[in-house]
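Q: Below is a structure I'd like to ask you about.
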Amino acid sequence: MNTIPILTIITFLPLAGGLIVMGLPSSQSKVARGLALAFSLIALALGLGLWRQFQPASGSLQFEEGPLQWIPTLAVQYHVGVDGLGLLMVLLTALVVPMAVLASWKIEDRAPLYFGLVLLLQSGLFGTFTALNFFHWFIFWELSLIPAFFLIKLWGGPLRTPAATQFFIYTMVGSVTLLMAFLAIFLVVHEFDFIKLAEMGRNGTLISELSNQLGWRDLTTRRLALVLFGGAFLGFAVKTPLMPFHTWLPSAYAEAPTGTTMLLTGLMSKMGVYGFLRILVPIFPQEMVWLSKWLLVLAVVTIVFSAGAAFAQRDLKRIFAYSSINHLGYCLLGTFAVISSGSATSAPLVEKAAALNGVFLQMFNHGLTAAVLFWFVGILQERAHGLRGIEDFGGLRKVAPVLCGLMGIALFSSLGLPGLNGFIGEFLIFKGAFPLVTWAATLSVLGLLITAVFILTVAQKVFHGPLNQKWSSLPDLTSTERAWLLPAFALIFVLGIYPQAILGVVNSTVVQMVAHLNF
Amino acid sequence: MSMIQYLWLIPTLPLLAAALTAIAKQPQRRFAATLAIASMSLALVLSCIALTVALQHWGHGEPEHQVYNFRWFQFGDNHWLELGWVLDPLTAVMLVMVSFVGLLIFIYSTGYMAQDENFTRFFCFLSLFAAAMLGVVIANNLLLLFICWELVGLTSYLLIGFWYHKPAAAAAAKKAFITTRIGDLALLLGMVWLYSQSGTLLFYNGGKGCLEQTALLKLVTQTTSIGVAVSTGIALLIFCGAIGKSGQVPLHVWLPDAMEGPTPVSALIHAATMVAAGVFLVARVYPLMGAPATLVADHAEVVSTALRAVTWVGAITALFAATIAVAQSDIKRILAYSTVSQLGFMMIGLGVGGVAVGMFHLITHAFFKALLFMGAGSVIHGCHEEQDIRCMGGLRKFMPITFATYAIGMLALSGFPLLFSGFWSKDEILHHAHTWSVSHWPFYMGVVGALLTAFYMTRQVFYVFFGNCRLTLGKTTTSEQRTVAHGGATAKEHPHVELSSEPHESPLVMTAPLMVLAFFSVTLGFIGTPAWPWFQAFLEGKQLVSAPGKLMEGGILSVMGLSTIVVFAGIGLGYWLYGRKPVPASQQPDPIERLWPDVFYLLKRKYFVDEIYDWAVVGLNRRWAQACDWLDRWVWNGAVQIISYLTVVLSWANRVFDEKVVNLGFDEGCEGVSLGARLMSKLQNGRIQNYLRTIGLALAILVLILIWGCHAQ
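Heads up: the sequence lines are chains A and B, in that order.
Residues 1 to 519 in this note's numbering are what the first sequence spells out, letter by letter.
Residues 1 to 713 in this note's numbering are what the second sequence spells out, letter by letter.
This is how it looks when you write it as structure tokens:
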């Protein structure tokens, strides 16, 4: 249908760009960031082009390329394509990377390497969100990890080395178990293609084949399936993260430079949720139903405990890091709520659709809002000579009204204020989750409350009260910064008022997923 | 033109004004004020048109709901979430009230805030508030109502914290937002529950709305796992939202603190409109609240659980807050507790009498409470930011207009018989409470509440306007804080501080709205008397029957007589304690304090509710956060650390095993190899003569062997 391999182009363009930028001599920081911005903007243009060409009425894969044989003996194929979910994530990536580049504008130290790594990371993300073959997907999944590691390790804060190591090893462990689970599956069914695996997962052949051919140590069918599921689950649970697999996150977010934190929270955390939706739910539906109660418990724990932990933090970056965990917790709550009811009659179909639509919307909006919030922390930190403790400020509204006003809007967007982008996603998740799993939804509401408490505490301590005289000459946002932030804020408002812009794209995919879940 | 299609213009006009003011610069004061007032005037005009349209549709039997619905977004196979607005008597009445009172307060604010450096931002927030509040009023969808409801909460937060440099204001703003959010989250749950049960959130949609027969019947017949009807569960959750917003016990604590905001804000948001939104919400979803009685004729006498809850919460609040108001000394806090108490009365009215009863008090209260707050603002303004009534006194000589209008407001609030609107609306509530089939207690509580209302208002008026002027300037904390925070510009911003030390009357721009409100505080009562219940008939869509004889009916007359006695008793008691002798000097204890110091202390400290919440809720939250943090640092992270240490230990053990066990044998072998290698390497030391020597030797040996071999053959 589509002759131009646009997904391949969008994936490999940043890769090429990254290699070019890295090759620049390190004195050429201006050229490096200019080129990086140019490449990311081209990617954004391509992403928008994809969006325009996308047929929203169809929930199936579009812009498909392949499957082309790559390593036939290993069933490795080059197969890419996006449905509503993939497109949404590609768009988010295309959007957040230029923001992260702009937020890193002042980096002078080894700038070509920095911006090159950012572009490599973008390529990894694009590949992850478009690949449909496990092997191919896994390469990009890991490819995105390596630049992130170096970005933290080389440009991070004072404790960057342990943070980067912990981040890398933690994620790596998850990746290894994920890989092993899929190798085990490959041994049995000789298949890496997500779509075919999903089909086997749906009709139950995967589980029966596994137990037929992989009789490990007399494990029962159910146990064996759960072991493999557990391996795959760990990979995504760490990445998202789901409590208690999250401990790498606060220090990684806090130590990473601003632009990298934006990429980590805005995009890499979405890889985890994406993995749940693209891989775990379709391929392991039965296992997820078996474990749904425990998964829901984990989601609720994630939501409530991370909100509580956020309230206890004193470092703005750590506050928003925990808040990020909390917001992704709602995504997982929605996902698990949908799966928990298993195959039921048609009545809750609309609830499942609501919850999944909410999850998709929340993924996009959290990516946008969290990136903006961390950007603001970066702006504050730069003006305050590296300080970013909640107690270090006070009364900033007096000297920097625009900065505080806009950051306030971002804070309220994160709080889920109706009229801004964060609300409808959360509303739909609760709308779906409440009738499906009332107890989990009711408990999760506590997270919304505590979020309000710590968000307003941030506003109170940083913006309000008497002006901390240390910052009496703190500059307000420059007009350049305002111009850079303008598109993000335009989106925050537009998506708050017109969520159909996103729901229109993803709804068909959701409907198809829901139909597939009713196996 | 059909009004219903253009109803959205009413909230959109102030919203546009807010958006334009938001990008205005600080010095563009006139622009901001003009824009806000113009948009509000237009909104008022449109609201009046809407009211006339609603009057034209005054049906007989059921109130008519004109709706305009549209699709917002789609999810699921073929499900659209629809939004919309509704025009019915309830909407029309609220629209006119909100835009009218709002307009007066906007005008008043141009005088009150004239010297504030953030004048433009103030009008931006005020316009945004008006837009959101009008949105709440016209919404025909619970979600749209909730969205506007939260935006109202946001503007309330912004305006309470308007003087953000005051730590108390910043704290009060946060407290208000979070306390109301507790209720809002229950409302959110109620909303999603209602949505999943009825499949729509539209209130009215030609028979398919969630407040209409079909949906309600479904809700009433289903029961939850704990045995109550689904409709009851949903109604109670929605009511929690109203408890938060309307400052009902136990979520009333934010409202008195909200007085940290500028006084026009207190008048508009925390007296007349926003806090009434909770009452309005209950009135809006009344068919759900009252179900099944509102549905099935044979259940007409059954009082629903939800309405019982509404009544009891209202009654407790009405009495509880009134007692606290008796012992307060801040002019605005007295009014704040009075507002809480009156909102309780409205809830009783809704619970025992229906929409019209509660709404009547809401409307009359909006006028006289706005009047009282703006009068208080005028007093505060005239006394140079003094708010402690003990430090006022004798002001009637200095501010005659304020005094006269304030007195009218006070009499209306106290429910002074016949002439004042508060009498008629409160009497309606008491009358219905008297005939309530469930219990008489709400009636008794209401009567005591009414007594206390008359008493504390008399006390306040005597403190403020009678006796000697006890004003001492420049010593109050409030004015100091404002002065400090406004930086060095005091003299410029507050010229009167330097010019005159006497209290003074406020400018006409502030007193004119007072006079208008005073007029309505008197006259509004006459549209809802038992003799001519126009208001009630309009709201309920019934035919208006004027029956002057009804005034003389036994039940009505006796309640009216009782409430008259109660009002006179309250005012008389107030006069006896505070008016007979001049009010004591500002340091001396209050007369009640002399009589019952312990009781007075308990009331003054508001039954220690704040302290209890501080200890229980806030403390709990903090401890919870610490627990989460501890769990994170030590348990989750600890587990990871332990695993990582175990890995390190394992690797170390592995290495030891490798080196000492596995490699031992291997190393032995290696030793041999290496020994040989060393020997061999000696051969290859690169010296040509050695090579030649070796080659020569080998050659010689080879030759010898060959020779010897040949001979052997």
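Don't be surprised by glycine CBs; every beta carbon is placed ideally from N, CA and C.
Output needed for T155(B): all residues of its chain with C-beta closer than 7 angstroms, excluding positions within five of it in sequence on either side, in chain order.
A: Correct list, in chain order: F125, L128, F129 and A132.
Q: Go through its chain and collect everything with a Cβ distance to A299(A)'s Cβ below 6 angstroms, but skip five positions before and after it.
A: G329, L332, L333 and F336.
Q: Between the Cα of G231(A) and those of L264(A), I279(A) and A198(A), spot the shortest distance and give me the residue it belongs to.
A: Nearest of L264(A), I279(A) and A198(A) to G231(A), Cα basis: I279(A).
Q: List the residues of chain A whose Cβ lies closer than 7 angstroms to the Cβ of R181(B), in chain order.
A: Within 7 angstroms Cβ-Cβ: L449 and A452.
Q: How is the alpha helix (DSSP H) around N357(A) delimited, first residue to last?
A: Taken as a continuous stretch (DSSP letters only), the alpha helix (DSSP H) holding N357(A) covers L349 to R383.
Q: Any idea which residues DSSP pairs D388(B) with across the strands?
A: DSSP, once it has assigned bridges, lists D330(B) as partnering D388(B).
Q: To the nearest whole angstrom, what separates the beta carbons of L95(B) and I4(B), a pair I think is in contact under 8 angstroms?
A: Actually they are not in contact, since the Cβ atoms of L95(B) and I4(B) sit about 13 angstroms apart, beyond 8 angstroms.
Q: Which same chain residues, not among the five before or five after A276(B), have their C-beta less than 8 angstroms away from its C-beta?
A: Only S246, L343, M346, L362, H365 and A366 meet the Cβ criterion.
Q: Starting from H464(A), find everything on chain B with Cβ-Cβ shorter than 7 angstroms and list it in chain order.
A: Result: G161, Y164 and A170.
Q: Between the C-alpha atoms of E382(A) and A45(A), what's the straight-line distance to the nearest angstrom?
A: Answer to the nearest angstrom: the Cα atoms are 30 angstroms apart.
Q: Which chain B residues sit within Cβ distance under 8 angstroms of T442(A)?
A: Under the 8 angstroms cutoff, chain B gives L189.
Q: May I ask you to verify whether the stretch 99–107 of chain A touches the stretch 52–67 of chain A, counting CB pairs closer than 8 angstroms and requiring at least 3?
A: Flag = no, the stretch 99–107 of chain A and the stretch 52–67 of chain A do not touch.
Q: Under 9 angstroms Cβ-Cβ, which residues of chain A neighbour Y578(B)?
A: Simply none; closest approach about 38 angstroms.
Q: Could you name the residues of chain A that C628(B) contacts, counting a contact when the two beta carbons are closer than 7 angstroms?
A: F305, G308, A309 and A312, listed in chain order.
Q: Here's a check: name, in chain order, each residue in its chain whose Cβ is nearer than 7 angstroms to the Cβ of Y322(A), leaving out the five neighbours to either side.
A: These residues qualify, in order along the chain: P250, S306, A309, A310 and Q313.
Q: Assuming Y613(B) is part of the alpha helix (DSSP H), what are its boundary residues?
A: V609 to Y613 is the extent of the alpha helix (DSSP H) around Y613(B).
Q: Taking C-beta to C-beta, are I379(A) and L403(A) nearer than 8 angstroms?
A: Yes, the Cβ-Cβ distance between I379(A) and L403(A) is below 8 angstroms.
Q: Hey, is D83(A) close to the ligand SAH, as in C-beta under 7 angstroms from one of its heavy atoms?
A: As far as ligands go, the structure on display features none, and thus does not contain the ligand SAH.
Q: Is any beta-carbon of chain A found at less than 8 angstroms from that of A616(B)?
A: For A616(B), the answer is no, since every Cβ of chain A falls outside 8 angstroms of its Cβ.
Q: Reducing DSSP to helix, strand and coil, say where G474(B) ends up.
A: Confidence at G474(B) is low in this model, with a pLDDT of 48, below 50, so the placement of that residue is unreliable and no value is reported for it.
Q: Under three-state DSSP, which class holds Y456(B)?
A: Helix at Y456(B).
Q: Per DSSP, D392(A) is paired with what?
A: Paired residues: none, contrary to the question.
Q: Name the chain B residues that come within less than 7 angstroms of R397(A), Cβ to Cβ?
A: Result: Y164.
Q: Name the residues in the stretch 227–242 of chain B whose C-beta lies less than 7 angstroms from a C-beta of chain A; which are they?
A: So nothing in the stretch comes that close.
Q: Would you call H136(A) buried or exposed, if buried means 16 or more other Cβ atoms sit within 10 Å of its Cβ?
A: Buried, by the Cβ-count rule.
Q: Run through DSSP, which three-state label would Y68(B) get?
A: Note: Y68(B) maps to strand in three-state DSSP.
Q: Using the beta-carbon of each residue, which ones in chain B are nearer than 8 angstroms to V511(A)?
A: Going along chain B in sequence order, the residues near V511(A) (Cβ under 8 angstroms) are G76 and D77.
Q: Tell me which residue opens and which closes the beta strand (DSSP E) that P67(A) is part of.
A: Taken as a continuous stretch (DSSP letters only), the beta strand (DSSP E) holding P67(A) covers Q62 to I71.
Q: Counting contacts by CB-CB distance shorter than 8 angstroms, is L185(B) in contact with chain A?
A: Closer than 8 angstroms: yes.
Q: How would you label G261(B), buried or exposed, when you count the other beta carbons within 10 angstroms and need 16 or more for buried?
A: Buried, by the Cβ-count rule.
Q: If you draw a straight line from the alpha carbon of L42(B) to that of L103(B), how long is it in whole angstroms?
A: L42(B) and L103(B): Cα-Cα distance of roughly 10 angstroms.
Q: Pull up the DSSP beta-bridge partners for G84(B), would you.
A: BP columns for G84(B) point to N69(B).
Q: In angstroms, rounded to a whole number, what distance separates the CA positions of Y274(A) and G408(A)?
A: Approximately 29 angstroms between the Cα atoms of the pair.
Q: For my contact list, A376(B) and K332(B) are in at a C-beta cut-off of 8 angstroms; report their separation, rounded to the angstrom.
A: Going by Cβ atoms, the distance from A376(B) to K332(B) rounds to 6 angstroms, so yes, they are a contact pair.
Q: Hey, would you say A355(A) sits closer than 8 angstroms to E287(A), going by beta carbons?
A: In this structure, E287(A) does not lie closer than 8 angstroms to A355(A) by Cβ.
Q: Nearest to W72(B) by alpha carbon, out of L144(B), L194(B) and W254(B)?
A: Here the closest residue by C-alpha is L144(B).
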